[in-house]
Structure formats: C-alpha cells, structure tokens
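Asks: My questions will all concern the structure given below.
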Amino acid sequence: MVFNTGAALLDAIVLAVISKEEEGLYGYKITQDVRKAIELSESTLYPVLRRLQKDECLEVYDRECGGRNRRYYKITEKGTAQLNLYKAEWASYSSKITRIFSGRI
Numbered sequence: 004m005v006f007n008t009g010a011a012l013l014d015a016i017v018l019a020v021i022s023k024e025e026e027g028l029y030g031y032k033i034t035q036d037v038r039k040a041i042e043l044s045e046s047t048l049y050p051v052l053r054r055l056q057k058d059e060c061l062e063v064y065d066r067e068c069g070g071r072n073r074r075y076y077k078i079t080e081k082g083t084a085q086l087n088l089y090k091a092e093w094a095s096y097s098s099k100i101t102r103i104f105s106g107r108i
C-alpha cells in the first residue's frame with residue numbers, strides 16, 4: 004500500500020476487528036483479520052494492543068487452549084466509545100477525500 008497508516012487509523016482498525024467478537028480475540032487472530040485490510044506484522048500489532056490496553060480501551064485475559072494459555076483482548080465501554088468516534092471521523096474524512104479525488108471539491 005502506498006499510503007501510510009497512522010497510529011489513530013491503526014487503533015481504529017484494531018478496535019473494529021476486536022469489537023466483532025463479544026469474547027474478544029487473541030493476538031494472532033487479530034493480526035490475520037487486520038491483514039485482510041492492511042499489511043501488518045505482529046511486531047507492529049503488540050505495541051498497539053498495549054497502548055489500547057493502557058488507554059483502557061481493551062481489557063486482557065488469558066484462556067487455556069490446547070494446553071497453552073492464549074492472551075485475549077476484549078473491547079471495553081471506553082474502547083467502544085473511542086471506536087464510535089473513529090467511525091464518525093473516518094466517515095467525514097473519507098467523504099472529503101472522495102470528493103477531491105472525484106473532482107467535486
């Protein structure tokens with residue numbers, strides 16, 4: 004992709020992916036789902052997850068799977084509110100860019 008993905012957009016994408024599952028998602032699954040939209044490495048994802056957790060947008064818990072623990076990330080009420088803000092901002096931003104690209108400034 005030729006466009007850079009800033010921190011806010013990356014946060015929005017990760018929150019949107021996690022919000023689709025009520026019980027939350029584990030890191031590898033989040034990476035795979037995000038990669039359906041943008042290229043993302045796990046080394047990029049985990050700092051985003053930690054930041055969102057620190058900002059109280061995500062809560063974290065462990066669950067056993069096949070004899071190992073998996074760390075799950077679940078969106079919080081604050082995270083849902085932040086995601087809704089991102090969605091509104093994205094709708095406004097993307098419509099403005101679309102107007103410029105289509106010559107309807």
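Residue numbers (our numbering): 4 to 108. Backbone N, C-alpha and C define an ideal beta-carbon position, used for all residues, glycine too.
For LYS77, collect the residues of the same chain with a Cβ closer than 6 Å to its Cβ; drop the 5 residues on either side in sequence, then sort them by chain order.
Replies: Contacts found: GLY27 and GLU62.
Asks: Using a 10 Å radius around the Cβ and a threshold of 16 neighbouring Cβ atoms, would you call ILE33 buried or exposed?
Replies: Its Cβ being crowded by 16 or more others within 10 Å, ILE33 is buried.
Asks: Grouping DSSP H, G and I as helix and E and B as strand, with all else coil, what is ARG107?
Replies: Residue state, collapsed to three classes: coil.
Asks: Do you know offhand how far CYS60's Cα is from CYS68's?
Replies: One C-alpha to the other measures close to 25 Å.
Asks: So, at 7 Å on beta carbons, what are the nonlocal neighbours of LYS90 in its own chain, with the 5 sequence-adjacent residues on each side left out?
Replies: Answer for LYS90: no residue qualifies.
Asks: Would you verify that the beta carbon of GLU67 is, or is not, closer than 8 Å to some beta carbon of chain C?
Replies: The chain inventory of the structure shown lacks chain C, comprising one protein chain alone.
Asks: Could you tell me whether any non-hydrogen atom of the ligand MG is closer than 7 Å to the CB of LEU13?
Replies: Ligands are entirely absent from the displayed structure, and the ligand MG is therefore not among its contents.
Asks: If you compare alpha carbons, which of GLY30, ARG102, ARG66 and ALA40 is closest to ARG53?
Replies: Selected option, being the one with the closest Cα: GLY30.
Asks: For the beta strand (DSSP E) that contains LEU61, what are its first and last residues?
Replies: First-last of the beta strand (DSSP E) with LEU61: 61 to 68.
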